[in-house]
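Take a look at the structure below.
Protein chains: 2
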Amino acid sequence: MLRSLTKKQTMTFGRSTLPRHRLARLVSEPIPIVGGTGALGAGLALRWAKAGRPIAIGSRSAERAGEAAARIREAVPGAEVEGLLNGEAAKRAPIVFLTVPFRAQSENLNNLREALEPGQILVDCTVPLAAAVSGKATRSLGVWQGSAAQQAQEMVPDGVTVVAALHTIAAPTLADPNVELGEDVLVCGDRKQDKARVARLIEEIDGLRAVNAGPLETARIVEQLTPLLISINSRYKTHAGIRLTGLPDADHWE
Amino acid sequence: MLRSLTKKQTMTFGRSTLPRHRLARLVSEPIPIVGGTGALGAGLALRWAKAGRPIAIGSRSAERAGEAAARIREAVPGAEVEGLLNGEAAKRAPIVFLTVPFRAQSENLNNLREALEPGQILVDCTVPLAAAVSGKATRSLGVWQGSAAQQAQEMVPDGVTVVAALHTIAAPTLADPNVELGEDVLVCGDRKQDKARVARLIEEIDGLRAVNAGPLETARIVEQLTPLLISINSRYKTHAGIRLTGLPDADHWE
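If you read the sequences in order, they're chains A and B. Numbered continuously in the numbering used here, the first sequence closes out at residue 254. Numbered continuously in the numbering used here, the second sequence closes out at residue 508.
Written as structure tokens, this is what we have:
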């Protein structure tokens, strides 16, 4: 199950040859979300479920995972959502999202060592807010490796690559299905083909555009956008997002 | 000349009472730009000149300042632009823009000690790109004080306040008068009334919206947006800017 098609691989349906990312939609690979009972994870699950994706919500508690999955199925009738222990969820598909608070990131990565296999992509959404150590959510902690994503890269098993994304999407915005999104997701990683696979998943959510923000080290900057937006949100009583101006209209990930 | 009207002060023209920022436009206080011969400074000068603002371009060389001023007058017939030594330019109005490269920031701040007076606002646009020490423009340097703007606050004379802004506006975009701007400027500073005065000037440029990004320490984050955008620009062959989504439409600075 974990073996994924490479970028160049295609499959013929009737008379048309489909590129890998179209194929992935057709076979409807699930999206595992480790920490999927949290606000960001649940919001993403809701949006992807609306887009027709099966979801594997992971939690430390199978019971809480099941409850979260039930809430999504209630909100999106017909959605395929299962609730699992994190390690089980992480085995469901090659691209795994990690949406836990920074306080729990290392613990989760330790626990995932047995579950993750070479070839998988871990999408780290962690932000080192000072709130993790009872500081302010408008400030951040210095991470020795440079960013939470680089810490994740150090901790995952060999052969697993880390992509950083989804730091600037407000959970309350995702959670309200009446809110139309219209913002960018900055994606950092060291291999363009891995970023492109993650970008395709992100862009299945209506109103999100994935932008190639550079190598994984750029997560040092992108993770800082969250405390910036939290600060702006408190001042403007909103849930702000980021949109880059001046980008060409063409598909950025071809 | 350096005494400015406070926020609450108003002046009666005929039958109408005008708030300070409207008054400032009427008396057309000039905008001093220290380092105004550089790409960012010259681009700002061009846009403000188009908006009808007098400009005082500062440079270490009066001759180069004069040449830069002549170029603006040529591009914007009737523009009031003078070219001066930096210290002279800085005395022209209460709000002074500093648009030099990080490599030259400390030297310029030392030189401005004699020129700046209590009550003035220094708008620092400096970004600590690693390019300052022959590194990459997609990476930044750690600044002991936390950000270039906080370094500036430490160096200006007592009573001068620093506001950080304009890090994400691409100089080539400003320089091309045919390009319509449509982006945000994140403004950091410790006093809202000072930020509001700077915001009013910034918003005189068509297509720029000034957003209150928080205290001066937030410049630690906002300054990092420049290497991020430089990296994105090289990948997408563009001059990207930032636009926040979800902000209310009302005037943010009332």
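Just so it is clear, CB atoms sit at the ideal spot from N, CA and C, and this is done for glycine as well.
Check your understanding: What do you get for K136/A, buried or exposed, if any count of 16 or more other CB atoms within 10 angstroms of its CB means buried?
Key -> With a threshold of 16 other beta carbon atoms within 10 Å, K136/A falls short and is exposed.
Check your understanding: Which of the three DSSP states, helix, strand or coil, is assigned to E117/A?
Key -> Coil, per DSSP.
Practice item. Check whether the Cβ of H239/A lies closer than 9 Å to any Cβ atom in chain B. Key: H239/A counts as touching chain B.
Review point. Among residues of its own chain, excluding the 5 on either side of G500/B, which ones have a beta-carbon nearer than 7 Å to its beta-carbon?
Key: Scanning its chain for C-beta atoms nearer than 7 Å, with the 5 sequence neighbours on each side dropped, one finds no residue around G500/B.
Exercise for review: At 8 Å on the CB atoms, spell out the chain B contacts of Q224/A, in chain order.
Suggested key: The answer, in chain order, is R474, I475 and Q478.
Exercise for review: Give the range of the beta strand (DSSP E) segment to which R92/A is assigned.
Suggested key: DSSP places R92/A in no beta strand (DSSP E); its state is neither H nor E.
Review point. Straight-line CA distance for P177/A to T37/A?
Key: Near 17 Å, if we compare the C-alpha coordinates of T37/A and P177/A.
Check your understanding: For R92/A, is the classification buried or exposed, using 16 other Cβ atoms within 10 angstroms of its Cβ as the cut-off for buried?
Key -> Classification for R92/A: buried.
Check your understanding: Among residues of its own chain, excluding the 5 on either side of A132/A, which ones have a beta-carbon nearer than 8 Å to its beta-carbon?
Key -> Same-chain partners within the cutoff: P101, F102, R103 and L141.
Exercise for review: Could you run through the region 429 to 440 of chain B and flag, in chain order, every residue whose CB is less than 7 Å away from some CB of chain A?
Suggested key: Correct list: G436 and E437.
Practice item. Anything in the region 196 to 220 of chain A with a Cβ closer than 9 Å to a Cβ of chain B? List those residues in chain order, please. Key: Residues of the region 196 to 220 of chain A that bring their beta carbon within less than 9 Å of a beta carbon in chain B comprise V211, N212, A213, G214, P215, E217, T218 and R220, in sequence order.
Point to revise | Coarse secondary structure for N233/A, derived from DSSP in three states | key: Three-state result, N233/A: helix.
Review point. Which residues in the same chain as A494/B place their Cβ atom closer than 7 Å to its Cβ, once the five residues preceding and following it in sequence are excluded?
Key: If we look at A494/B and ignore the five residues flanking it on each side, its Cβ neighbours are L483, I486 and N487.
Check your understanding: If you run the structure through DSSP and keep just helix, strand and coil, what is L515/B?
Key -> The question about residue 515/B has no answer, for chain B in this structure spans 255 to 508.
Review point. Got a sec? Which residues, its chain only, sit under 8 Å from L116/A by beta carbon, not counting five neighbours each side?
Key: Excluding residues up to 5 positions away in sequence, A90, V96, L122, V156, P157 and V160 lie with their Cβ nearer than 8 Å to the Cβ of L116/A in the same chain.
Review point. Mapping DSSP to helix, strand and coil, what is A51/A?
Key: If DSSP states are grouped into helix, strand and coil, A51/A belongs with coil.
Practice item. Output yes if chain B places a C-beta closer than 9 Å to the C-beta of H252/A; else output no. Key: True, the Cβ-Cβ gap to chain B drops below 9 Å.
**Study point:** Contact with chain A by A303/B, beta-carbon distance below 9 Å
**Key:** A303/B does not count as touching chain A.
Check your understanding: Alpha carbon to alpha carbon, how far is E408/B from A473/B?
Key -> Distance between E408/B and A473/B, taken at the CA atoms: about 14 Å.
Check your understanding: Leaving out the 5 sequence neighbours to the left and right, which residues in its chain are closer than 8 Å to Q399/B when beta-carbon positions are compared?
Key -> Only Q405, Q407 and E408 meet the Cβ criterion.
Check your understanding: Under three-state DSSP, which class holds L482/B?
Key -> Residue state, collapsed to three classes: helix.
**Study point:** R445/B classed as buried or exposed, judged by whether at least 16 other C-beta atoms fall within 10 angstroms
**Key:** Answer is exposed; the Cβ neighbour count stays below 16.
Review point. What is the DSSP secondary structure of E74/A, counted as helix, strand or coil?
Key: E74/A falls in the helix class under three-state DSSP.
Check your understanding: Under a CB-based cut-off of 9 Å, is P502/B close to chain A?
Key -> The beta carbon of P502/B sits closer than 9 Å to some beta carbon of chain A.
Point to revise | Sequence-distant residues of the same chain with beta carbon closer than 7 Å to L244/A, five excluded per side | key: Excluding positions up to five away in sequence, the list reads D184 and V211.
Review point. Is there at least one Cβ from chain B nearer than 9 Å to A24/A's Cβ?
Key: Low confidence applies to A24/A: its pLDDT is 48, below 50, so where it sits in the model is not reliable enough to give any reading.
**Study point:** Strand pairing of G341/B, partner residues [DSSP]
**Key:** Answer is none; G341/B lacks a bridge partner.
Check your understanding: Going along chain B in order, which residues have a C-beta closer than 8 Å to the C-beta of R235/A?
Key -> Neighbours of R235/A on chain B, chain order: N466 and G468.
Review point. If you follow the beta strand (DSSP E) that R243/A is part of, which residue opens it and which one closes it?
Key: Annotation: the continuous beta strand (DSSP E) that includes R243/A extends over G241 to T245.
Practice item. Could you tell me how far apart the beta carbons of A130/A and E223/A are, in whole angstroms, since I believe they sit closer than 8 Å? Key: Rounded to whole angstroms, the Cβ separation of A130/A and E223/A is 12 Å, and the two are not in contact under 8 Å.
Exercise for review: Name the residue from T138/A, S134/A, N108/A and L201/A whose alpha carbon lies nearest to the alpha carbon of A165/A.
Suggested key: Ranking the options by Cα distance to A165/A, first place goes to L201/A.
Review point. Going along chain A in order, which residues have a C-beta closer than 8 Å to the C-beta of L205/B?
Key: With chain B covering only 255 through 508, there is no way to say anything about residue 205/B.
Practice item. Note the first and the last residue of the continuous alpha helix (DSSP H) segment covering V452/B. Key: Note, V452/B: alpha helix (DSSP H), K446 to I456.
Review point. Counting only beta-carbon atoms, is A424/B nearer than 9 Å to chain A?
Key: Chain A, which has a Cβ nearer than 9 Å to the Cβ of A424/B, makes this yes.
Exercise for review: Using a Cβ cut-off of 9 Å (strictly closer), state whether T199/B contacts chain A.
Suggested key: Chain B is shown only over 255 to 508; residue 199/B falls outside these bounds and no answer can be derived.
Review point. So, is the C-beta of L141/A closer than 9 Å to a C-beta in chain B?
Key: No, because no Cβ of chain B sits closer than 9 Å to the Cβ of L141/A.
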